[in-house]
Amino acid sequence: MTAHRILLGITGGIAAYKSAELVRLLKKSGREVRVVMTRGAEAFVAPLTFQALSGEPVRTSLLDPDAEAGMGHIELAKWADQIVVAPASADFLARLANGMADDLLTTLCCATEAPIALAPAMNQAMWSNQRTRRNIDLLANDPQVQLWGPDQGSQACGDVGPGRMLEPAALFELIAGANVGALSGKRVVITAGPTREPIDPVRYISNHSSGKMGYALAQAARNAGASVVLISGPVALDAPAGVDRRFVTTAEDMLKASGQAVDEGCDLFIATAAVADYRPDSIASDKIKKTNDAMNVAMVRNPDTLATIAARPDAPFTVGFAAETRDVERYALDKMSRKGLNMIVANDVSVQGLGFNSDRNAVTVFWEGGRETLGPDTKADIARLLITKIADQLTHKETS
Ligand code: PMT
Numbered sequence: 003m004t005a006h007r008i009l010l011g012i013t014g015g016i017a018a019y020k021s022a023e024l025v026r027l028l029k030k031s032g033r034e035v036r037v038v039m040t041r042g043a044e045a046f047v048a049p050l051t052f053q054a055l056s057g058e059p060v061r062t063s064l065l066d067p068d069a070e071a072g073m074g075h076i077e078l079a080k081w082a083d084q085i086v087v088a089p090a091s092a093d094f095l096a097r098l099a100n101g102m103a104d105d106l107l108t109t110l111c112c113a114t115e116a117p118i119a120l121a122p123a124m125n126q127a128m129w130s131n132q133r134t135r136r137n138i139d140l141l142a143n144d145p146q147v148q149l150w151g152p153d154q155g156s157q158a159c160g161d162v163g164p165g166r167m168l169e170p171a172a173l174f175e176l177i178a179g180a181n182v183g184a185l186s187g188k189r190v191v192i193t194a195g196p197t198r199e200p201i202d203p204v205r206y207i208s209n210h211s212s213g214k215m216g217y218a219l220a221q222a223a224r225n226a227g228a229s230v231v232l233i234s235g236p237v238a239l240d241a242p243a244g245v246d247r248r249f250v251t252t253a254e255d256m257l258k259a260s261g262q263a264v265d266e267g268c269d270l271f272i273a274t275a276a277v278a279d280y281r282p283d284s285i286a287s288d289k290i291k292k293t294n295d296a297m298n299v300a301m302v303r304n305p306d307t308l309a310t311i312a313a314r315p316d317a318p319f320t321v322g323f324a325a326e327t328r329d330v331e332r333y334a335l336d337k338m339s340r341k342g343l344n345m346i347v348a349n350d351v352s353v354q355g356l357g358f359n360s361d362r363n364a365v366t367v368f369w370e371g372g373r374e375t376l377g378p379d380t381k382a383d384i385a386r387l388l389i390t391k392i393a394d395q396l397t398h399k400e401t402s
């Protein structure tokens, strides 16, 4: 069900100005919006802005007798179908995670039975700080809470990294229910990143996959209500909040970890990993010395995780990726049929700035009798749209 009465909490951060656009989008869609601001938020944007856009008085204080006489805080907590806090500062997340009710917004979050969505926004170092991570872990395991974002990118302070609030249009899409609950109760296993195939104790064969596409999908699936296991090759990314990440190194490790995760229960298996097709036939026990001008490494085929999972008698719904530099559609469709997949996402990786090790991507997703092209866009946005498409096809298969 799509939420109609939205209580928008705004906390102190430069992204607060973007929330004005979110209120505009929500109102335009016919929704009722009430805004609650913390003292920090008021330092960035005047309440009058949100009053004008929402058409309702903005609440800023718990102990305001006039406002309480209109709609008391408990009544307000009951009124909301959905609470969205955007931007959610590190301080607010800390207070919420610890069950504090020391201002109007945290009190409402304690008093409501509505789902609470948080759109974190902060400096990348604050987002990575171990105390923030601890609070995020607590919130990610709170069944009433969903974490929407943050995105990666350049920040107001000049830093680059995770911590940007999702754009208002993306938040609107999430509120509007495109994704919310689309995978509710589903168990999803996702592979991501590269594998490393050792040659000797210090060298390996690998590729340029950063894991960003798979991690974005894991976050989007989690936001859509799924419980998510992420089988990750070696990458330098934080685990998405609320996602059970399991690191692997080689293709053989990936097959084993994926099989185990599927054995634990899996409705949907998505393979974004760029798995090495071959591995050295043997691994030298000592570092190989440069004795000759040329060197040959004998290679053997690696097992195919996705094809193995798709061939199981209890196979989940399977979605593969295909990174190609030419004849993208033909090769992708061939992989879908050879591996027995329900869907395949074709990635033209010949385009500069898209695909491997980039924040952006453009894909075409194929299923029996259908196709759709998505992007170019951020991987976070592509992931949200893909999860919506995949959830539609999964439901279609389950109900037909
Ligand atoms: O990680 P990023 O930097 O964000 O980049 C994302 C990406 C470009 C790696 C990703 O979007 C992508 O396209 N992944 C597929 C890479 C690929 O070329 O896969 P493939 O054509 O070798 O394999 C086809 C499918 O089988 C893939 O779903 C793959 O995960 C799976 N596979 C392949 C081989 C193997 N041994 N085991 C597998 O599971």
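All residue numbers for the sequence shown refer to the working numbering, where the first residue is 3 and numbers rise by one.
The beta-carbon is built from N, C-alpha and C at its ideal position, and this holds for glycine as well.
Quick caveat, the model's predicted, so the values are computed rather than measured.
Top-ranked residue by Cα proximity to residue i, from the options
i      : options                        : result
Gly322 : Arg314, Leu308, Ala142, Asn100 : Leu308
Gly213 : Ala238, Val204, Asn225, Arg189 : Ala238
Val367 : Ser186, Leu388, Asp379         : Leu388
Cys268 : Ala276, Ala275, Ala259         : Ala259
Thr193 : Asp139, Gln262, Lys292         : Gln262
Gly235 : Ala276, Arg205, Arg224         : Ala276
Arg136 : Tyr280, Asn100, Thr293, Lys292 : Asn100
Met128 : Tyr333, Gly15, Glu77           : Gly15
Gly183 : Pro145, Asp66, Ala218          : Pro145
Straight-line gap, residue i to residue j (C-alpha atoms, nearest Å)
i      : j      : result
Lys399 : Leu270 : 12 Å
Met3   : Asn181 : Below a pLDDT of 50, predicted positions are generally treated as unreliable, and Met3, at 49, falls in that range; no measurement from the model is reported.
Met256 : Glu115 : 40 Å
Phe1   : Ala82  : Outside the shown range of the chain (3 to 402) lies residue 1, about which nothing can therefore be said.
Ser229 : Ala171 : 25 Å
Arg373 : Asp394 : 13 Å
Arg303 : Gln157 : 44 Å
Arg386 : Leu185 : 12 Å
Ile384 : Val353 : 16 Å
Gly227 : Leu149 : 11 Å
Ala96  : Ser360 : 31 Å
Thr375 : Lys80  : 41 Å
Glu254 : Gly371 : 34 Å
Leu123 : Leu10  : Here the sequence assigns Ala to residue 123, which means Leu is not the residue at that position. Each residue's alpha carbon lies about 15 Å from the other.
Thr380 : Leu50  : 33 Å
Asp93  : Ala43  : 12 Å
Ile346 : Pro378 : 17 Å
Leu27  : Thr40  : 22 Å
Glu326 : Asp350 : 5 Å
Gln53  : Ser208 : 54 Å
Arg1   : Thr197 : The chain is shown only over 3 to 402; residue 1 falls outside these bounds and no answer can be derived.
Ile287 : Ala278 : The question names Ile, but residue 287 is Ser in the sequence shown. Ser287 and Ala278: Cα-Cα distance of roughly 21 Å.
Leu335 : Asp329 : 10 Å
Glu199 : Ser284 : 10 Å
Ala273 : Arg133 : 32 Å
Ser211 : Tyr280 : 16 Å
Thr310 : Val264 : 11 Å
His75  : Ala17  : 25 Å
Within 9 Å, strictly: CB atoms of residue i and residue j
i      : j      : result
Val60  : Leu98  : no
Gly165 : Gln221 : no
Leu356 : Ala364 : yes
Arg36  : Glu70  : no
Gly163 : Gly195 : no
Ser130 : Asp240 : yes
Ala20  : Glu169 : Contrary to the premise, residue 20 reads as Lys rather than Ala in this sequence. A contact, by the Cβ cut-off of 9 Å.
Ala243 : Ile138 : yes
Asp306 : Lys341 : yes
Ile177 : Arg314 : no
Ala417 : Leu343 : With the chain running from 3 to 402 in the structure shown, residue 417 is simply not present.
Leu173 : Val86  : yes
Ser63  : Leu106 : yes
Arg224 : Ala113 : no
Ala5   : Gly179 : yes
Leu232 : Phe319 : no
Arg362 : Glu266 : no
heavy atom of the ligand PMT below 8 Å from residue i C-beta
i      : result
Leu308 : yes
Asp153 : no
Asp279 : yes
Glu326 : yes
Asn344 : no
Lys258 : no
Lys391 : no
Asn137 : no
Phe358 : yes
Met215 : yes
Ser211 : yes
Phe249 : no
Beta-carbon separation (whole angstroms), residue i vs residue j, contact threshold 8 Å
i      : j      : result
Leu120 : Ala90  : 4 Å
Ile404 : Pro282 : Any answer about residue 404 is impossible in this case: the structure gives the chain only from 3 up to 402.
Met167 : Ala88  : 6 Å
Asp161 : Ala382 : With 8 Å as the limit, Asp161 and Ala382 do not qualify as a contact, their Cβ atoms being about 18 Å apart.
Lys291 : Pro203 : Actually they do not touch by this definition, with Cβ atoms about 13 Å apart.
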